[in-house]
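Residue numbers (full-length UniProt numbering), protein chains in the order written: chain A, 1 to 235; chain B, 1 to 235.
Number of protein chains: 2
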Amino acid sequence: MGRQHAERVDLAVSTVIFALRPSPDSDLMTLWLPLVRRIREPYEGRWALPGGWLSPEHDLETAARATLGRTTGLTPRYLEQLYAFGTLDRSADDTRVVSIVYWALVHADEAAQAIDSDNVEWFAVDDLPELAFDHRTIVDYAVWRLRTKMEYSRIAHGFLGETFTLAQLRQVHEAVRGCSFDPANFRRQILATGSLVDTGEHLTGTSHRPPRLYRYDTAVQPADHGPLTPSKEQA
Amino acid sequence: MGRQHAERVDLAVSTVIFALRPSPDSDLMTLWLPLVRRIREPYEGRWALPGGWLSPEHDLETAARATLGRTTGLTPRYLEQLYAFGTLDRSADDTRVVSIVYWALVHADEAAQAIDSDNVEWFAVDDLPELAFDHRTIVDYAVWRLRTKMEYSRIAHGFLGETFTLAQLRQVHEAVRGCSFDPANFRRQILATGSLVDTGEHLTGTSHRPPRLYRYDTAVQPADHGPLTPSKEQA
DNA sequence: ACAAAAGTGTTGCTCATACACCCATGA
DNA sequence: TCATGGGTGTATGAGCAACACTTTTGT
């Protein structure tokens, strides 16, 4: 309570980056995210969300994208603002920091391994180390938002390639939501939304009947992206 | 495009304050919000959302509450962060401003009229004047959020007193959602959520059968308030 | 008695779940 | 031909919209 008041408010932008990867023990897919090790006080040595100070000439979303590129070398398949965190006590020292946090989906294949430097490491969401600042709260909230949004939105797209089978799409849902779905019912529900397009092609090389490949209908918006994309007009 | 880059980023907190009031023409309830007239450039004379600069010793939510008190003299019945707006071009001059916007529900009765100074005025949401900055976008988004959240949350509470009849609650929903509901079905749906408590009392003085008075069950959270209230744990 | 809104009952539709069953391919 | 997952059909049940009907007050 005897803390000094900071003289100014600093503005940072951080990003919670999600990717789907096979779990080390089971061969199921699970959620992973990259963290960076802090190289200075406060919380030196602890893991933290990737981010940086907001410079006046950068857009908020641009800053989030830049962070993402720096940390993973990837382009987000989905990016959305999460929340602005700004309580007085969130920066262990006497500075006042407001962090505007974004969350992103990428599909982590080959490229992701590239930037596996000493200071960047991927962690399974349900096996995180101790985090710096209030970043644990932030991650928990981001995971909650991802799970919730997966229920009513089409963001699973962000974890997949251009074309995919219904089984792959289902596995994404199962990994994120943490439960399994009846393949038959999942198929019908997804197709009923009309957001998928049958490419006519099939995936071969499987040891069973070759499944159809689908593509997302680009005419449909994947989700409500916030206030800036005008997709929420009413008639 | 030939704009100078600002030297720093300024942080503001604004609040979209909603109240339910009888419409001037029809006697239905409609959404209203207070705006303040700008007394300096840019956009001098235009109407804008109430707000102010964020000082280092104030919490984001505290700042939003303070704005609300200054403008309306009221305490919010509901308050939630809406979004952080931070595009480069949102401040007509060459300054860079990031606004963290909150939205609030109040019930505007006697007290509200008190602060009806020259610079504060209430407007019907579907009859707004031209607003300063990107505040029109912000208001539209806030209205969308209010409508959406009303569908699955219990925030209607924010517009009502301690006890209320089901008809009053239904009228709030109808005003915000913009359509009418079957009283019979509305009753069942609301009661099925288990969020209402029968006070046992009745409202008298009506020219028909006296309706029961209900109270919200305070044990149930009204809505997911964001990341800071830990109500989104899973078992 | 009558109007008007509170409150209850009932029916039919839609949609999600569960699960039985056929299809097509590799081994 | 068998195993495996892709894909289709269908019965059951929950929940909601629509609307008929009964109840209780003031006038």
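Think of the CB as a built atom: it goes at the ideal place given N, C-alpha and C, for glycine as much as any other residue. Model, not experiment: these values are computed from the prediction.
What do you reckon, are the CB atoms on residue i and residue j nearer than 8 Å?
| i | j | result |
| --- | --- | --- |
| residue 124 of chain B | residue 19 of chain B | no |
| residue 320 of chain B | residue 6 of chain B | Nothing in the structure corresponds to residue 320 of chain B, since chain B is present only between 1 and 235. |
| residue 215 of chain B | residue 204 of chain B | no |
| residue 220 of chain B | residue 195 of chain B | yes |
| residue 172 of chain B | residue 191 of chain B | no |
| residue 197 of chain B | residue 98 of chain B | no |
| residue 94 of chain B | residue 42 of chain B | no |
| residue 184 of chain A | residue 30 of chain A | no |
Under 8 Å by Cβ, that's how I've got residue i and residue j pegged, so tell me the actual separation to the nearest angstrom.
| i | j | result |
| --- | --- | --- |
| residue 103 of chain B | residue 131 of chain B | Residue 103 of chain B to residue 131 of chain B, Cβ: 15 Å. No contact. |
| residue 76 of chain A | residue 120 of chain A | That pair is no contact at about 16 Å. |
| residue 167 of chain B | residue 210 of chain B | In fact, because the Cβ distance is near 11 Å, the residues do not count as touching under 8 Å. |
| residue 34 of chain A | residue 71 of chain A | 5 Å |
| residue 122 of chain A | residue 32 of chain A | 5 Å |
| residue 88 of chain A | residue 59 of chain B | 6 Å |
Give every residue of the same chain whose Cβ lies closer than 7 Å to the Cβ of residue i, excluding the five residues on either side of it in the sequence, and list them in chain order.
| i | result |
| --- | --- |
| residue 202 of chain B | 210, 211, 212 and 213 |
| residue 142 of chain A | 16, 82 and 103 |
| residue 138 of chain B | 16, 49, 85 and 101 |
| residue 177 of chain B | 147 and 150 |
| residue 187 of chain A | 166 |
| residue 226 of chain A | 80 and 81 |
Which partner residues does residue i have in the DSSP bridge list?
| i | result |
| --- | --- |
| residue 197 of chain A | A:215 |
| residue 163 of chain A | A:215 |
| residue 202 of chain A | A:212 |
With a threshold of 6 Å on Cβ separation, who are the neighbours of residue i within its own chain once the five nearest residues in sequence on each side are excluded?
| i | result |
| --- | --- |
| residue 51 of chain A | 12, 13, 14 and 67 |
| residue 2 of chain A | In this predicted model, residue 2 of chain A has a pLDDT of only 47, less than 50, meaning its place in the structure is not dependable enough to derive any value. |
| residue 218 of chain B | none |
| residue 133 of chain A | 90 |
| residue 158 of chain B | 77, 78 and 105 |
| residue 53 of chain B | 12 |
| residue 235 of chain B | Legend: pLDDT at residue 235 of chain B = 36, less than 50; position of this residue unreliable, no value from coordinates given. |
| residue 126 of chain B | none |
| residue 63 of chain A | 13 and 54 |
| residue 163 of chain B | 199, 213 and 215 |
Enumerate in chain order the residues of its own chain whose CB-to-CB distance from residue i is below 8 Å, with the five nearest sequence positions on each side excluded.
| i | result |
| --- | --- |
| residue 223 of chain A | 78, 80, 149, 153, 154 and 155 |
| residue 61 of chain A | 79, 81 and 102 |
| residue 44 of chain B | 38 |
| residue 165 of chain B | 203, 211, 212, 213 and 214 |
| residue 22 of chain B | 28, 29 and 30 |
| residue 140 of chain A | none |
| residue 69 of chain A | 75 |
| residue 117 of chain B | none |
| residue 56 of chain A | none |
| residue 136 of chain A | 128 and 130 |
| residue 144 of chain A | none |
Quick one: which unbroken alpha helix (DSSP H) runs of 4-plus residues sit fully inside the UniProt domain "Nudix hydrolase" (10–147) of chain A? Chain order, please.
60–72 and 110–114
Going residue by residue through the region 171–197 of chain A, where are the continuous beta strand (DSSP E) segments of at least 3 residues, counting only ones entirely within it?
none
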